[in-house]
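These notes are about the structure you will find just below.
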Amino acid sequence: MNEKNYAVMSEHELREEIAMLKEKARKAEQLGILNEFAVYERKALMAAAYLVDLDTITPGEMYRIDGSENEFFQVDYLKGRFAWGHRLGGEKYQEALPVSILSPLKVAK
Numbered sequence: 003m004n005e006k007n008y009a010v011m012s013e014h015e016l017r018e019e020i021a022m023l024k025e026k027a028r029k030a031e032q033l034g035i036l037n038e039f040a041v042y043e044r045k046a047l048m049a050a051a052y053l054v055d056l057d058t059i060t061p062g063e064m065y066r067i068d069g070s071e072n073e074f075f076q077v078d079y080l081k082g083r084f085a086w087g088h089r090l091g092g093e094k095y096q097e098a099l100p101v102s103i104l105s106p107l108k109v110a111k
């Protein structure tokens, strides 16, 4: 199987890849293969990161972490398809999150 790099895929190809990965994740979860489920979920998040316009992620801004009701992330800088920064509250260690899991706090009017 010759896998294509996400960076060279078209939007349509990325959306097909994400759908396929989510389906594989769903099947793995149903079969109780949780490590395989986690791998497919993360691959889908990475593919989705290539659909994000990096100009919409602003260093210094705060973002909501998708899937986490009250978790927020302050972006320090971008490197590739990852936002580097730290979560609000608790330990202030730096970590990298795929840009696909960040949602803006401010709603455009």
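For the sequence shown, this note's numbering assigns the number 3 to the initial residue and increments by one for each residue that follows. Cβ atoms here follow ideal geometry from the backbone N, Cα and C, with glycine treated the same way. As the structure is a prediction and not an experimental result, all values here were calculated from the model.
What does a CB cutoff of less than 6 Å around residue i pick up in its chain, not counting 5 residues either side in sequence?
| i | result |
| --- | --- |
| Met3 | Below a pLDDT of 50, predicted positions are generally treated as unreliable, and Met3, at 48, falls in that range; no measurement from the model is reported. |
| Met11 | none |
On a Cα-Cα basis, can you pick out the residue from the options that is closest to residue i?
| i | options | result |
| --- | --- | --- |
| Pro123 | Ala46, Asp68 and Asp78 | Nothing can be reported for residue 123: it is not among the residues displayed for the chain, which extend from 3 to 111. |
| Glu63 | His14, Val54 and Trp86 | Trp86 |
| Phe75 | Gly82, Ala98 and Thr58 | Ala98 |
From which residue to which residue does the beta strand (DSSP E) around residue i run?
| i | result |
| --- | --- |
| Leu99 | Glu97 to Pro100 |
| Arg66 | Met64 to Ile67 |
| Gly91 | First-last for Gly91: undefined, no H or E at that position. |
| Pro106 | Leu104 to Pro106 |
Are residue i and residue j close, meaning C-beta to C-beta below 8 Å?
| i | j | result |
| --- | --- | --- |
| Tyr52 | Ser105 | no |
| Leu80 | Leu47 | no |
For residue i, which residues of its own chain have a beta-carbon under 8 Å away from its beta-carbon, when the five flanking residues on both sides are left out?
| i | result |
| --- | --- |
| Gly69 | Ile103 |
| Glu73 | Arg66, Ile67, Arg89 and Leu90 |
| Lys94 | His88 |
| Leu16 | Tyr8, Ala49, Ala50, Tyr52 and Leu53 |
| Lys111 | With a pLDDT of only 49 at Lys111, under 50, the local geometry of the prediction cannot be trusted, and the value read off the model is given with reservation. So the list is empty, once near-sequence residues are dropped. |
Please report the residue range of the alpha helix (DSSP H) in which residue i lies.
| i | result |
| --- | --- |
| Arg44 | Leu36 to Ala51 |
| Arg17 | Glu13 to Gln32 |
Leaving out five residues on either side along the sequence, give the residues of the same chain with a beta carbon under 7 Å from the beta carbon of residue i.
| i | result |
| --- | --- |
| Tyr42 | Leu23, Lys26, Ala27 and Ala30 |
| Phe119 | Not covered by the structure: residue 119. The range shown for the chain is 3 to 111. |
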